[in-house]
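Take a look at the structure below.
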Amino acid sequence: MQWHQAHIRLKPRPRGFHLVTSELVAAVPELARFRVGLAHFFIQHTSASLNVNENADPDVRGDLGRWFDRAVPEGASYFHHTAEGSDDMPAHVKSTLLGASITIPIRDGRLALGTWQGIYLGEHRDEGGARTVIITLSGE
Amino acid sequence: MQWHQAHIRLKPRPRGFHLVTSELVAAVPELARFRVGLAHFFIQHTSASLNVNENADPDVRGDLGRWFDRAVPEGASYFHHTAEGSDDMPAHVKSTLLGASITIPIRDGRLALGTWQGIYLGEHRDEGGARTVIITLSGE
Amino acid sequence: MQWHQAHIRLKPRPRGFHLVTSELVAAVPELARFRVGLAHFFIQHTSASLNVNENADPDVRGDLGRWFDRAVPEGASYFHHTAEGSDDMPAHVKSTLLGASITIPIRDGRLALGTWQGIYLGEHRDEGGARTVIITLSGE
Numbered sequence: 001m002q003w004h005q006a007h008i009r010l011k012p013r014p015r016g017f018h019l020v021t022s023e024l025v026a027a028v029p030e031l032a033r034f035r036v037g038l039a040h041f042f043i044q045h046t047s048a049s050l051n052v053n054e055n056a057d058p059d060v061r062g063d064l065g066r067w068f069d070r071a072v073p074e075g076a077s078y079f080h081h082t083a084e085g086s087d088d089m090p091a092h093v094k095s096t097l098l099g100a101s102i103t104i105p106i107r108d109g110r111l112a113l114g115t116w117q118g119i120y121l122g123e124h125r126d127e128g129g130a131r132t133v134i135i136t137l138s139g140e
Numbered sequence: 141m142q143w144h145q146a147h148i149r150l151k152p153r154p155r156g157f158h159l160v161t162s163e164l165v166a167a168v169p170e171l172a173r174f175r176v177g178l179a180h181f182f183i184q185h186t187s188a189s190l191n192v193n194e195n196a197d198p199d200v201r202g203d204l205g206r207w208f209d210r211a212v213p214e215g216a217s218y219f220h221h222t223a224e225g226s227d228d229m230p231a232h233v234k235s236t237l238l239g240a241s242i243t244i245p246i247r248d249g250r251l252a253l254g255t256w257q258g259i260y261l262g263e264h265r266d267e268g269g270a271r272t273v274i275i276t277l278s279g280e
Numbered sequence: 281m282q283w284h285q286a287h288i289r290l291k292p293r294p295r296g297f298h299l300v301t302s303e304l305v306a307a308v309p310e311l312a313r314f315r316v317g318l319a320h321f322f323i324q325h326t327s328a329s330l331n332v333n334e335n336a337d338p339d340v341r342g343d344l345g346r347w348f349d350r351a352v353p354e355g356a357s358y359f360h361h362t363a364e365g366s367d368d369m370p371a372h373v374k375s376t377l378l379g380a381s382i383t384i385p386i387r388d389g390r391l392a393l394g395t396w397q398g399i400y401l402g403e404h405r406d407e408g409g410a411r412t413v414i415i416t417l418s419g420e
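Residue numbers (this note's numbering), protein chains in the order written: chain R, 1 to 140; chain U, 141 to 280; chain X, 281 to 420.
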């Protein structure tokens, strides 16, 4: 049984969904030592998110972004928290819908993702800057 | 302290929400050996999901399906990823909103679900086929 | 390596989002003993939720509530599960979107939350009553 914790600083990215699987995995070479376990990824921000979805066609990431931009409109009259810009409160709603963390099983030293699964960073601000993710591995 | 990992193949189901608690629990009789711990369920697909909600009235599952079908419309003009059918991109959005995994506490050899809680498979394709779920138990 | 499990009963609150970080942390003084690990919070209800978002401006919580009330309307004609009141089925949808549990990394005896992150109870019923949360700590 072991525990390993690391953090990674993801470079600034534009608003939208970005595939970051290989970047995250590269930050924890210790993953190879776990026969079975869980990998937990936690983003320390309230206007960005992590989720798992399709790793192939980039249109899926674009379509996701377009759906979220329509579902959570900027400048809605019922938003009072507007001092930090019109993209800020929608970003809080989107990150709430998507979540700050994901947990993925580990098997034989690798993430047990399905063939078509990858990890997305959801960047919900126009200029969100760098984002910190804490990675916690546990298992044996 | 122990770890146990198994997988289960859920039979094909129609689009909608399906109560699968007993099927998942039956796949891990080892659960009985854990006094305290966590049970993690991960679906290896990008157009299906797992979540926890009401285990009694089937209308709740029907209503959930109707709400999601309205919130994520098929054939929206802003969806570009359409080659796999009009139900495909909405399925990616729904599985993103709902998530690929759930974690439930273990207490005295059982899932510590509330009285009215059960585990739902969200099948978001019309013909999604069989679905694989990886179950990881940890605890003592 | 250790496991610790506790539960806390949160007092009744009105519909909306409520910051409960300090209440939850106070329920597990054992947190201080973990150098590294994970803290899992699970709400045993199907019309309330837990999530992580902004811990500063209360307008964020108000705006979140207003967005969810518009996204999931009461009295929609496609809701069949209405016997428990017009706020009940929307509460099931909201708790499904938000989730019953969150997992937060532990570092040096504390939750490794970002500067602006706090834990929200989402109370989605008008009179939901007290709510039970199971807290499971693991780590070393």
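Virtual Cβ for every residue (Gly too), placed ideally from N, Cα, C. Values in this document were obtained by computation on a predicted structure and should not be read as measured data.
Contact list for U/L237 against chain R, beta-carbon separation under 7 Å: L97
Beta bridge counterpart(s) of U/W143 as assigned by DSSP: U/S278
Beta-carbon proximity of X/Q285 to X/T412, cut-off 7 Å: no
Members of the region 42 to 68 of chain R that neighbour chain X once the beta carbon cut-off is set at 7 Å: F42, Q44, H45, T46
Cβ of R/P105 within 7 Å of any chain U Cβ: With its beta carbon less than 7 Å from one in chain U, R/P105 belongs to the interface.
When U/L277, U/S226, U/G268, U/I275 are compared against U/P154, the one with the closest alpha-carbon: U/G268
Near the ligand MN: U/A188 beta-carbon under 6 Å from a heavy atom: This structure does not include the ligand MN; it has no bound ligands of any sort.
Contact set between the region 395 to 406 of chain X and chain C, restricted to residues whose Cβ is under 9 Å from the partner: Structure shown: chain C not included; protein chains present are R, U and X.
Contact set for R/Q117: own chain, Cβ-Cβ below 8 Å, skip 5 residues either direction: Correct list, in chain order: V52, N53, E54, N55.
Test: R/L38 CB closer than 7 Å to a CB of chain U: yes
The alpha helix (DSSP H) enclosing U/L253, as first and last residue numbers: Premise fails: U/L253 is in no alpha helix (DSSP H) and is neither H nor E.
Min CB distance R/S86 to chain X below 7 Å: no
Listed by chain order, chain R residues near X/L393 by CB distance under 8 Å: Q44
Alpha-carbon spacing of R/H124 relative to X/S366, whole angstroms: Here the alpha carbons of X/S366 and R/H124 stand approximately 32 Å from one another.
Buried versus exposed call for X/T326 [16 or more other C-beta atoms within 10 Å across all chains shown]: buried
Anticipated Cβ contact below 8 Å, X/H298 with X/T416, distance rounded: No, X/H298 and X/T416 are not in contact; Cβ-Cβ is about 22 Å, not under 8 Å.
Test item: CB-CB of R/P21 and R/I104 under 7 Å: For clarity, residue 21 of chain R is Thr in the given sequence; the question names Pro instead. In this structure, R/I104 does not lie closer than 7 Å to R/T21 by Cβ.
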